[in-house]
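Read in my numbering, the sequence shown has 172 at position 165, and its numbers run on one by one without any break. Heads up, the beta-carbon is just placed ideally off N, CA and C, and yes, glycines get one too.
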Amino acid sequence: MRKGTFREDLLFRLNVINLQLPPLRERPADIALLADHFIRKYSDANDVAVKPLSDNAMQKLKGHVWRGNVRELENTMHRAVLLAGPDTIGPDAIILSNTEESPASAAAAAGPMGDDAAMEADGTTVRALVGRTVADVERDLIIDTLYHCLGNRTHAANILGISIRTLRNKLKQYTEDGVDVPLPGEVGRLAY
Numbered sequence: 008m009r010k011g012t013f014r015e016d017l018l019f020r021l022n023v024i025n026l027q028l029p030p031l032r033e034r035p036a037d038i039a040l041l042a043d044h045f046i047r048k049y050s051d052a053n054d055v056a057v058k059p060l061s062d063n064a065m066q067k068l069k070g071h072v073w074r075g076n077v078r079e080l081e082n083t084m085h086r087a088v089l090l091a092g093p094d095t096i097g098p099d100a101i102i103l104s105n106t107e108e109s110p111a112s113a114a115a116a117a118g119p120m121g122d123d124a125a126m127e128a129d130g131t132t133v134r135a136l137v138g139r140t141v142a143d144v145e146r147d148l149i150i151d152t153l154y155h156c157l158g159n160r161t162h163a164a165n166i167l168g169i170s171i172r173t174l175r176n177k178l179k180q181y182t183e184d185g186v187d188v189p190l191p192g193e194v195g196r197l198a199y
């Protein structure tokens, strides 16, 4: 308003009540409650069974800095619901942006047998990725997420935790490389 980029009368219309809410990193007790809420919300929205969050996955969530606050946690849990194993949401389904966690919380999230053992909880996650390039895995994840979202680029970008611009650039490259990119409204090739 002081810079002249926001109208003063509009500020007074919108400024009905002010709430001072500390950032999520200062409210670690809220992480479990919010994670559970988002698991239920996105399981319902994506028509998948509600799966419990493993202890190792919860430790991974609690060890993160959450620079994006609740919105970052929401997107993380949305991805986790889609990437979860058959029985639980394990640490391999928790993909954090700009990972900043203490070594102690990373070790706790990995579990007593280490990170590789935690990632192989469903017996297939790591084996399915061995021998593939990161670019190939990324491409398949993006395309499968786009199919899941019926071609909705904005929704897919939110789930993937990337900007719509980044998604569009990657899809343009995939199209130039001869990869079939789903069109808006196109039904997915995967069963979720």
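So, are the CB atoms of N76 and L31 less than 7 Å apart? yes
Let me make sure I understand the geometry here. Which of L21, H85, R146 and F13 has the alpha-carbon closest to that of Y181? R146
Between I166 and the rest of its own chain, which residues show a CB-CB distance below 6 Å, the 5 nearest in sequence each way excluded? H85, R86 and T152
Do I96 and A52 have their CB atoms nearer than 7 Å? no
Reduced DSSP secondary structure (H/G/I, E/B, other) of I149: helix
Excluding the five sequence neighbours on either side, which residues of its own chain have a C-beta within less than 8 Å of the C-beta of G188, listed in chain order? Here residue 188 is Val; the residue named in the question, Gly, does not match the sequence. Excluding positions up to five away in sequence, the list reads I150, L153, L178, Y181 and T182.
Of the choices S104, S61 and L89, whose alpha-carbon is the least far from that of L80? S104
From N159 to L68, what distance separates their C-alpha atoms? 28 Å
C-alpha distance - D143 paired with V137, whole-angstrom precision: 11 Å
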